[in-house]
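*Asks:* Mapping of the sequence shown onto the numbering used here: residues 3 to 309, in sequence order.
The beta-carbon is built from N, C-alpha and C at its ideal position, and this holds for glycine as well.
Shown below is the structure under consideration.
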Amino acid sequence: MSVAKRQIRARRQLTMRTRREIYGYLFIAPFVIGFLVFLIQPLIDSLWMSLCDVQIDAQGIHPQFWGFTNYNKAFNVDPDFRRMMTEEVGRMVTHTLAILVVSLVIAIILNQEFKGRAFVRAVFFLPVILSSGVLVGLENNNSLMSSIQNMVQANASVRLSDSMVRIIRLSGIGTDVLDIVEQLIGEVQSIVMSSGIQIIVFLTGLQGIPRSLYEAADVEGCTKWESFWKITFPMISPLLIVNIIYTIIDFFMKTDNRVMDKISTTMVVKMDYGFASAMAWVYFLVVIVMIAVSSLIVSRGVVRSYD
């Protein structure tokens with residue numbers, strides 16, 4: 003290839019890259035503007051409250067600077083916060099891995115051609131709608147629904163999760179691993195219901211893989227397992243970071259998260275705004291660190307160019 007053609011190709015690629023960057027900035031511009039207009043001031047106020055002793059009376063809120071007293075209380079005085087944080091981070095790691103594996107497997111299945119594929123895809127996306135905050139609240143506060151669930155659990159002589167745990171125990175797996183597996187088996191419903199968005203993201207990436215690559219692999223004699231690791235996984239690897247970030251944030255914002263429940267109780271019931279703000283900021287920093295570490299680890303194995 004001549005020097006002139008190389009220069010023309012480089013300019014064309016630079017132009018396409020610039021266009022993609024512009025489209026990306028335009029896509030996130032509404033969120034950035036909304037954040038700066040509506041959220042930046044409350045964020046600053048909460049940070050200031052975390053450093054203060056906040057007194058509330060009829061005249062309003064009166065913060066008095068305390069330094070890092072609230073943070074010291076969160077880590078060294080309060081008996082529950084540090085324990086809850088550690089337990090929730092551990093649950094997040096296991097649940098994130100389980101959700102990624104489940105969503106990828108289901109996306110690969112849904113990417114196959116079969117009759118009724120559109121209906122099956124809709125069925126797998128239904129948990130995203132059913133797990134919305136309003137419906138979850140209705141389900142939790144519905145006495146009839148709770149009575150039916152308790153009746154089913156009480157009358158069920160053999161549960162699938164218990165049977166699977168017994169089978170795994172016979173395989174001789176270590177106690178620590180068995181505890182994690184048993185926990186995941188007991189929360190299969192929650193894992194599947196949390197995988198809807200991830201399935202859609204993986205499915206979008208799978209549909210963008212050229213069929214010619216698989217046809218060439220078949221001609222070369224590659225097995226389905228080899229095609230998965232040589233073609234499918236590298237091509238969708240950039241989407242792993244997207245799904246990991248979404249899964250981590252979604253897990254830490256769940257209604258059954260004990261840390262979130264403690265922060266809400268401290269702020270709404272006990273009216274201790276300073277301590278609640280300190281716990282919220284510690285919680286926020288832990289989430290940011292988990293996202294950064296996960297993205298750093300995964301990004302090293304991501305295929306960044308398909309050329």
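1) State yes or no: is the C-beta of Gly207 within less than 8 Å of the C-beta of Ile247?
2) Since Phe204 is in the alpha helix (DSSP H), which residue starts that stretch and which ends it?
3) If you measure between the beta carbons of Ile243 and Ser301, is that distance less than 8 Å?
4) Compute the beta-carbon to beta-carbon distance between Leu112 and Arg123, rounded to the nearest angstrom, for a pair I have assumed lies under 8 Å.
5) Whose CA, out of Asp258, Trp231, Val194, lies closest to the CA of Leu99?
6) So, do the stretch 16–34 and the stretch 263–279 have three or more beta carbon pairs nearer to each other than 8 Å?
7) If you drop the 5 nearest sequence neighbours on each side, which residues of the same chain put their C-beta closer than 6 Å to that of Pro65?
8) Restricting to runs no shorter than 3 residues, where is the beta strand (DSSP E) found entirely within the stretch 26–101?
9) Nearest-angstrom Cα distance between Val284 and Ala109?
10) Using a Cβ distance threshold of 8 Å, determine whether the stretch 252–266 contacts the stretch 275–289, with at least three qualifying pairs required.
11) Beta carbon of Phe253, beta carbon of Met94: below 8 Å?
12) Could you check if Gln200 is buried or exposed, using at least 16 other CB atoms within 10 Å of its CB as the buried criterion?
13) Considering only the beta carbon of each residue, do Leu205 and Ile233 sit closer than 8 Å?
14) Does the Cβ-Cβ distance between Val91 and Met255 come in under 8 Å?
15) Helix, strand or coil, according to DSSP, for Lys264 in the structure here?
16) How is Val221 classed by DSSP in three states: helix, strand or coil?
17) List the endpoints of the continuous alpha helix (DSSP H) containing Ile246.
18) Residues in the same chain with beta-carbon distance under 8 Å from Ser48, minus the five sequence neighbours each way, listed in chain order, please.
19) If you run the structure through DSSP and keep just helix, strand and coil, what is Arg302?
20) Between Ser296 and the rest of its own chain, which residues show a CB-CB distance below 7 Å, the 5 nearest in sequence each way excluded?
21) Beta-carbon within less than 8 Å of Ile265's beta-carbon, same chain only, minus the 5 sequence neighbours each way: which residues are those?
22) For Arg119 and Val125, I'd like the C-alpha separation in whole angstroms.
23) From Gly69 to Gly198, what does the alpha carbon distance come to, in whole angstroms?
24) Considering Cα atoms alone, identify which of Leu298, Gly276, Pro240 is closest to Val304.
25) Got a sec? Which residues, its chain only, sit under 8 Å from Arg219 by beta carbon, not counting five neighbours each side?
26) For Ala294, which residues in the same chain have their Cβ closer than 7 Å to its Cβ, ignoring the five residues on either side in sequence?
*Replies:* The structure says:
1) In this structure, Ile247 does not lie closer than 8 Å to Gly207 by Cβ.
2) Element bounds for Phe204: 198–209.
3) Yes, these two residues count as a Cβ contact at 8 Å.
4) At roughly 5 Å, the Cβ-Cβ gap stays under 8 Å, so Leu112 and Arg123 are in contact.
5) Taking only the C-alpha atoms, the option nearest Leu99 is Val194.
6) With fewer than three CB-CB distances shorter than 8 Å, the stretch 16–34 does not count as touching the stretch 263–279.
7) These residues qualify, in order along the chain: Met51, Cys54, Val56.
8) Entirely contained in the stretch 26–101, the beta strand (DSSP E) runs reaching 3 residues are, in chain order, 54–59, 62–67.
9) The C-alpha of Val284 lies about 35 Å from the C-alpha of Ala109.
10) Contact holds: three or more Cβ-Cβ distances are below 8 Å.
11) Taking 8 Å as the cut-off, the beta carbon of Phe253 is found closer than this to the beta carbon of Met94.
12) Buried is the call here.
13) No, the Cβ-Cβ distance between Leu205 and Ile233 is not below 8 Å.
14) Contact flag unset, no.
15) Lys264 falls in the helix class under three-state DSSP.
16) Looking at Val221 - three-state DSSP - the assignment turns out to be helix.
17) Run containing Ile246: 235–254, per the alpha helix (DSSP H) assignment.
18) In chain order, Ser279, Ala282, Trp283 place their CB closer than 8 Å to the CB of Ser48, counting only its own chain and leaving out the 5 sequence neighbours on each side.
19) Here Arg302 sits in coil by DSSP.
20) If we look at Ser296 and ignore the five residues flanking it on each side, its Cβ neighbours are Ile246, Ile250.
21) Hits under 8 Å: Ala278, Met281, Ala282, Tyr285.
22) C-alpha separation (whole angstroms): 10 Å.
23) Their Cα atoms are separated by approximately 43 Å.
24) The shortest Cα separation from Val304 among Leu298, Gly276, Pro240 belongs to Pro240.
25) Looking at the sequence itself, residue 219 is Ala, so the reference to Arg does not match. Within the same chain, Ala219 has close Cβ partners Glu228, Ser229, Lys232, Ile233.
26) Taking Ala294 as the centre and dropping the five residues before and after it, the same chain places no C-beta closer than 7 Å to its C-beta.
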